[in-house]
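The structure under discussion appears below in the form of structure tokens.
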Amino acid sequence: MKLIIAISICVGARLALSAPVSFEREVMPLLEKRCNKCHYPQEQRGGLDLTRLDTMRRGGDDLGAGFIAGKPEESPLIQVLTGAKEPPMPKKGEKLAAAEIDLLRRWIAEGAKDDSTKFSSEDVTFFEREIRPVLATHCFKCHAGEEAEHGLHLTSRHGILAGGQRGPAAVAGKPEESLLIKAIRHEGELKMPRRGDKLGDAQVAAFERWIAKGLPWPANERVLAREKQFTVSDADRKHWAFRPLPKDLPASRSIDAALKPHHERLGLTPSAEADRHRLLRRVTFDLTGYPPSPEEIHAFVNDKSAQAFEKVVTRLLDAPQFGQRWGRHWLDYTRNGANAQSNRGPALDSQRYAEWVARCFNEDRPWDWFARVHVAGDKMKAFEGGDYSLDQALAAAVPLNGPRTFEDIGTETFVLMDKLDEGVEFVGRSLMGVSLECARCHDHKFDPISQRDYYALLGFFQSSWFGPVPVNAKSRAEADATVAKHRDMVSEQARLQGFIRQASIKLNVGGGGRVKQWQDSRIAILTPMDKRLRELEIAVLRAELVDAEKKKDKSLAADLHTALVEREAGLTSYQPPKYDVKLLGHRKHFIGGHKSDSGLIKRATDLQQTELVRELELHLTYWEDERMQWVERSRFGGYARTDPEVAELAKTDARIEQIAEELTVNPAAQWTAPKETHLYVRTDGGLRRAEDLKPLDEKAKAAGLEFNSNSANRVWMHPYFVGDARLLLRGDVLHPDKLVPRATPIFFGESKQELEGSGRLQIAEWLTANDSTQAALVARAAVNRAWQHLFGEALCRTPKELGRLGEQPELPELMDGLAARFVSNGWSMKKLIREIVLSAAYRRSAVAAKADFAKDPDNRYFARQSVRRLEYEPILNTVAWLKTGKHFDTPAQRDSALPGAAEYARQFDGPSLYDLIDRRVASISATQALFLMNSPSTARGLAGDLSNRLGIHSQAALPDVLNSIYETVLQRSPTDSERDFAQRFLERRRQQTGATQLSDEVREFITLLLCGNEIFYLE
Amino acid sequence: MITRRHFLTRIAAAPGILATGSLWADDRIVPVKSLPLHHPGKVKSIIFYYCKGGPAQAHTFDKPRSVADPALYPFSFTKSGQSGLEISNLFPRLQSVADDLCLIRSGYGALATHNEGGIHIFTAASKLGASLGAWVLHGLGSGNPSLPGHVLLTGRVLGDKWAHDDGSVHGGARSVGAGGLPPSLQAQAVSDLEHPIANLDSPFADAAQSRWLAELGALNAGFSARHPHVAELDSRTESFLAAHRMQTAAPEAFDIAKETADPVIRKLYGLDPQPTRSSGTKLLLARRLVERGVRFVVVPSMSVPNLEGGVGDWDTHTPTQVRGLIPNLAQACDQPLAGLITDLKQRGLLDSTLIVWGGEMGRGGAGHMNHNGSAFTWWMAGGGVRPGFTYGATDDQGFTAVEKPIHVRDLHATILWMCGLDFAKLKHNGIGFDTTCKVAKEILA
């Protein structure tokens, strides 16, 4: 005590010399930093508001006035900080530093005065009218809250004066020296607000006046906002992809009409139309993934009618391979509809899904419908008629097939946030082409999506889950009933398990440890059997030793000898082991083998020890029976299942087994596939958050339900969740915050629809609502990708990021025109593709003059077609076609005719199952070359197959079959110089090798074409 | 018609696996001229020992000053070497070469999930999503046109009954991919140590294949003449020449029989004890590859037995995993890495080779050993790096990098700097690195 007084005297002595503490510049910022996250007007934790002097004087609920002027050690404010009074403060985070407490002490000692600058009411009105709205709508998006950008808080006067990492933002009275003014004038390197959202001149002038006046601020509201305030800026609204689609487009807005002015402006001469062979090759690959057959080539080349190309396009759009090819493009945005990591998502029937996707494309089902199905297909009418479609319910489950979940359903945080996140990511990236998932942890930095928006959307996904539905389900009622029954059975099973466990404990304890007594009684019985088993092992070892010696394997013999000595010694000093269920299980492995360890039976069999084998087999059964008995006894409290004392338990146990048989999916192994009779599809009713479970657990226990609270089954015991998601601070499952009502992102306007169940049907309908901004995004995303698949590059070259983070397209008006027509044509994908393919732009040659290439090296204005490598699927199709002469209807048929298809996927960049892919890689590597050159089944094998298929007999000379080879392999005729090349190839070959075998020459020439560049590229 | 000569001059330009025309003409292996450096750099090749799963800094190379939960921190540390670097006693061999190591204890900015973290740790600095290895190869050019310049070495040797998998990189192909750089810069993955590269056996005699390749070149020249602006067509033609050279160069490079007959080498790399058999072999192979001009070799750690049952990698969350796995994981790399450093030194190659040890993230937080992106430790040894040095520090508990924090992308920029490459000048089609990268000059030798 004396010491404290001594210190305060010292401090007091020093105080007198230094300047008085400033409330505005020192005390207030400190309170804001350390105390006012709880003690501000809206929250007033403990009834205390520390933002104003008068409310501080008033104090909180428990400790009375916050301070007593002049008496720091008697002021509760100081007492709770030093620990002199309960409760210790601050509640969260570290204690205040001694110097910080000292500052407050001095301020109180000096009389606790508020030295804040006083402003006239006119000045404050000026602030309220001119400055505050601008700050709130343009600045608080970043410069507010705990993690304000660059440490700058624009929410308070002292925050602005103190500034951030670049120093003070304003100097009172001196606008010209204020960084804030420089930034909003866009004078220097620092330009604020960011991303093209410049303030108007009048607004800038108002800020200048405001700073000149000394930054007037209302005395009763020191801090305007304590969290970042999400706002939508004009720049957001003006972003090309966030505008509604234009209406009443002039007819002249065709693709070619849209491109023409750009070509003229840049002085680009569009390339001529491609020659018919190359055009047909291009369009056939683009629309079906296969090369054209010789008959198709002849038909087109000889068709002199004006509609020749149109006829081809119609034929290709009607081909069954069209759906496969374009369905494949879509599958890239669904991770193949498969689940690549069996422990991280539902086991979906991806093949069935892929077939359904192909069917949708072939039948040209409207794209808006197709998009909706992926959100709420289980709740929509079947396209074919009827009120339910299993395929659609499967499609609705596909978005959640990603590999990112690392939370475990059995743990306390089992919300499986990452799985739900995939749902939001899919709606954003795959359907709308924007990055909604970026807002999981914070407001989107670039697009008008807030963190709140994200969780408002997440609620739709959290309210649904997967359920096993019979493959022949005909109606929604049937599907719902089976899922409900499944869930009931899982719940019943968990309950019964709990009942048995409890009852068993009672029986066991009541009988004075009945289980242990029974187990002890087994030792005497088991000992002779165990000894015999050891003898048998020794016998096997002996036989192996003899065998090793016979084979003169010295090191093995030495090892066996050591083992033998050890085992024999063990038998001499035999002690019965400590038996338990695990050890008995090991017996089975030891005798019968397990995984890579071969058991005694196998070892004895290998040495033809028939007698030993026979006896070991008896042992195997014996020990397994024993183990089953041990399991049974501990399950029934020491009794056997057939004992009358446990008749009721045995009945319960039988019911559990019956349920296990009836269940189509094991609830403890969430992600395994259901029985073949069922499919995993999307269904309403999701999982509950950990914090919701505890009260439910208590309720269940009170109702007499028993279950193992550590088991994943417990999750299924409770009613399924349908409701709103909780905002997670920084996106972390361990930090749940407030509930966010399910809604659509505010940028797109409020949705007034009444939610039904999870509300997914409503969000699906919202997604493609007529004339809406979000539907415009869905349409733009679709046409942008269609363009990409037909030109090699999309109009906006970041096809899953059309937002402000993505690339700005050169031709937004072309994209808008296409999208508007796409929508008005009933979202018909075939009509869209037809429009693009029939344009002059699509039909152009990929060959360009040097000058034109220099003007537009990246082909951003499409004055020529592109040269692009075929993706893995068309490469494989080509190989299959060369080998068999067939265009297969499905990939499965193709792959069964072509062993080794998987190797092509590895070599030629087959799609990944892990990501939403917006662009296929086209790698070039020496291993590809080795694969083509040296693997017997590729170029060489194929050359043989092909020459047989073309009926090239062994006496045919290359020049005579050159046409047929070129037509089949490259789908065109050889040029004169190519004929010349073939001739000189023959001459050089004969000269250099001395060999003249005609069939060898032909085959070798074919291998050149098969390995050459042209066959792998579209031009 | 394009002449053969024209064809030859056209193929001389590309990076990566691609070589010069003269090579193709007479089929001799000659060293390729290095690309011009931005500044003098020592490092010509990098061997990255990648610890899959994210090793806990507090168990390995960053002793925490304050421990709240001793059950999670069972390992002791020793000040090692003249430099007194504090290294866990799990690494007795690396302790003996402490004076060659540079410990970087203040790594941050990792992503704390495995798949994304793996991609991030190798590609974070690149705006093109290209991996560090691809950039090094892009910047330095191939050191040997007959071998892939960027290799991912996985697999187990025959007779390894200890490791439970071949080793892999979290994030898969993207972590060692070329991103937006030319695809030829992606890592060539080796998964079968017996047959490191598939399809090496040519059905033709060498001369016959050379003749065939010449014809292929001439055939492709016709197509390239139609599309002179499409550079990848030439790259593809050249990939066949590289493949041809690889047929002879790769078996020689991967044939370690002669070296493994030497008992000194066997001991140095730990080729006999089960726990180091495969990792030692891969690091020996890595040395052979960098000796032959390969620029970037990634050797990922393998899953190993848990002393308390089961198997696992560096993803050690629980006390059981910590106690049971980490000693084995450490053992698997301790001798082989120390041996590699010694071997490179003896061969005079340590000056031009950089060895990096690290995972995709760090671990540890209040009361747990879970993923941690805010603090991780890497160490480096060899050319370019300051030996016997500790850079940066974490807080007392080792949860957050506080002193001289170095972001993942800064680590990339620093490694490139050691190679004589300035991240700010490395570009492909005008796109390169995150401009916020910083080079930690203090750790440069």
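Sequence order for the protein chains is A and B. Quick note: the first sequence uses my numbering, first residue 1, plus one each step. Quick note: the second sequence uses my numbering, first residue 10001, plus one each step. All residues carry an ideal CB built from backbone N, CA and C; glycine is no exception.
Integer-rounded CB distance, given that residue j should sit under 8 Å from residue i
i: R10211 (chain B); j: G10392 (chain B); result: Rounded, the Cβ-Cβ distance is 58 Å, inconsistent with contact.
i: V778 (chain A); j: A371 (chain A); result: 6 Å
i: N339 (chain A); j: A347 (chain A); result: 6 Å
i: A10250 (chain B); j: P10196 (chain B); result: 7 Å
i: R1020 (chain A); j: V313 (chain A); result: Limits of chain A in this structure are 1 at one end and 1019 at the other, which puts residue 1020 (chain A) out of reach.
i: R919 (chain A); j: A241 (chain A); result: Rounded, the Cβ-Cβ distance is 18 Å, inconsistent with contact.
Boundaries of the beta strand (DSSP E) in which residue i is found, first to last residue
i: F10389 (chain B); result: 10389-10391
i: V10136 (chain B); result: From DSSP, V10136 (chain B) is part of no beta strand (DSSP E) but of the alpha helix (DSSP H) over 10132-10140.
i: C10102 (chain B); result: 10101-10108
i: G10149 (chain B); result: No beta strand (DSSP E) contains G10149 (chain B), which DSSP labels as neither H nor E.
i: Q10188 (chain B); result: 10188-10190
i: A9994 (chain B); result: Nothing can be reported for residue 9994 (chain B): it is not among the residues displayed for chain B, which extend from 10001 to 10445.
i: G10365 (chain B); result: 10362-10365
i: K738 (chain A); result: 736-740
Min CB distance residue i to chain A below 8 Å
i: N10370 (chain B); result: no
i: S10239 (chain B); result: yes
i: L10233 (chain B); result: yes
i: Q10321 (chain B); result: no
i: P10183 (chain B); result: yes
i: P10273 (chain B); result: no
i: I10197 (chain B); result: yes
i: M10361 (chain B); result: no
i: R10028 (chain B); result: The pLDDT assigned to R10028 (chain B) is 32, lower than 50, so where the model puts this residue is not dependable, and the model offers no usable value.
i: L10216 (chain B); result: yes
i: P10126 (chain B); result: Note on residue identity: the sequence assigns Ser, not Pro, to residue 10126 (chain B). No, no contact with chain A.
i: Q10186 (chain B); result: yes
i: L10200 (chain B); result: yes
Spatial distance of residue i from residue j (CA atoms)
i: L104 (chain A); j: S116 (chain A); result: 16 Å
i: L10023 (chain B); j: A943 (chain A); result: The pLDDT assigned to L10023 (chain B) is 31, lower than 50, so where the model puts this residue is not dependable, and the model offers no usable value.
i: A647 (chain A); j: I500 (chain A); result: 12 Å
i: A939 (chain A); j: F862 (chain A); result: 35 Å
i: D530 (chain A); j: S10076 (chain B); result: 44 Å
i: D236 (chain A); j: P812 (chain A); result: 16 Å
i: W630 (chain A); j: Q519 (chain A); result: 8 Å
Short CB-CB distance (under 8 Å) between residue i and chain B
i: G826 (chain A); result: no
i: S342 (chain A); result: no
i: F981 (chain A); result: yes
i: R532 (chain A); result: no
i: L400 (chain A); result: no
i: A97 (chain A); result: no
i: R843 (chain A); result: no
Below-8 Å beta-carbon distance, residue i vs any chain D residue
i: P10305 (chain B); result: Within the model displayed, chain D is absent; protein chains A and B are what it includes.
Limits of the alpha helix (DSSP H) - the one that residue i falls within
i: E10403 (chain B); result: Segment 10401-10403 is the beta strand (DSSP E) holding E10403 (chain B); no alpha helix (DSSP H) there.
i: F10296 (chain B); result: Unbroken run through F10296 (chain B) is the beta strand (DSSP E), 10296-10300; no alpha helix (DSSP H).
i: I10121 (chain B); result: 10114-10123
* **Inside the region 10033-10082 of chain B only - beta strand (DSSP E) runs reaching at least 3 residues** => Every unbroken stretch of the beta strand (DSSP E) spanning 3 or more residues and falling wholly within the region 10033-10082 of chain B is given here in chain order: 10045-10051, 10077-10080.
* Counting only runs of 4+ residues fully inside the region 773-806 of chain A, write out the alpha helix (DSSP H) ranges in chain order. => For the alpha helix (DSSP H) assignment, the uninterrupted runs of no fewer than 4 residues enclosed by the region 773-806 of chain A are, from N- to C-terminal side, 773-791.
* Asked: Unbroken alpha helix (DSSP H) runs of length 4 or more, entirely within the region 427-465 of chain A: which are they?
  -> 451-462
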